[in-house]
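Q: One rule links them: number in this note's numbering = place in the sequence shown (from 1) + 12.
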Amino acid sequence: MDYEKICELLGGEIVEVDEKKGKIKVCKIPRKYYKNDRNCAEMDGKVAKDGSCEIRVDYLGRLLKDNKYS
13 MDYEKICELL GGEIVEVDEK KGKIKVCKIP RKYYKNDRNC AEMDGKVAKD GSCEIRVDYL
73 GRLLKDNKYS
């Protein structure tokens, strides 16, 4: 599955962020591309300090399966 393409369609980019367990890849979507914090949470994401929505790359496949954002 091409996670970069899914992330790009959502208006974001793939970046590495530091987590407690080490670095992970996330799709970082700028604030202007999602409605509110609840919308970010519905996509299994979390709002970063800069206001962007960060969704773990391995969760992007779920969005396609749900057909909610395709």
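In this text, a Cβ means the ideal position worked out from N, Cα and C, and glycines have one as well. Small disclaimer: the values here were computed from a predicted structure and weren't measured.
Please go through the same chain and pick out, in chain order, the residues whose beta-carbon is closer than 6 Å to the beta-carbon of residue 18, but skip the five residues on each side of it.
A: Position 6 of the sequence shown, counted from the first residue, corresponds to residue 18. Cβ within range, chain order: 72.
Q: Return the CA-CA distance between residue 25 and residue 40, expressed in angstroms with no decimal places.
A: Counted from its first residue, the sequence shown places residue 25 at position 13. Counted from its first residue, the sequence shown places residue 40 at position 28. Computed Cα separation, rounded: 5 Å.
Q: Considering just the uninterrupted stretch of the alpha helix (DSSP H) at residue 49, what are its terminal residues?
A: Within the sequence shown, numbered from 1, the residue matching residue 49 stands at position 37. 49-54 is the extent of the alpha helix (DSSP H) around residue 49.
Q: Which of helix, strand or coil does DSSP assign to residue 24?
A: Here the question's residue 24 lines up with position 12 in the sequence shown. Reduced to three states, the DSSP call for residue 24 is coil.
Q: Go to residue 63, then tell me how far its beta strand (DSSP E) extends in each direction, as first and last residue.
A: The residue labelled residue 63 in the question sits at position 51 within the sequence shown. Taken as a continuous stretch (DSSP letters only), residue 63 belongs to no beta strand (DSSP E), as it is neither H nor E.
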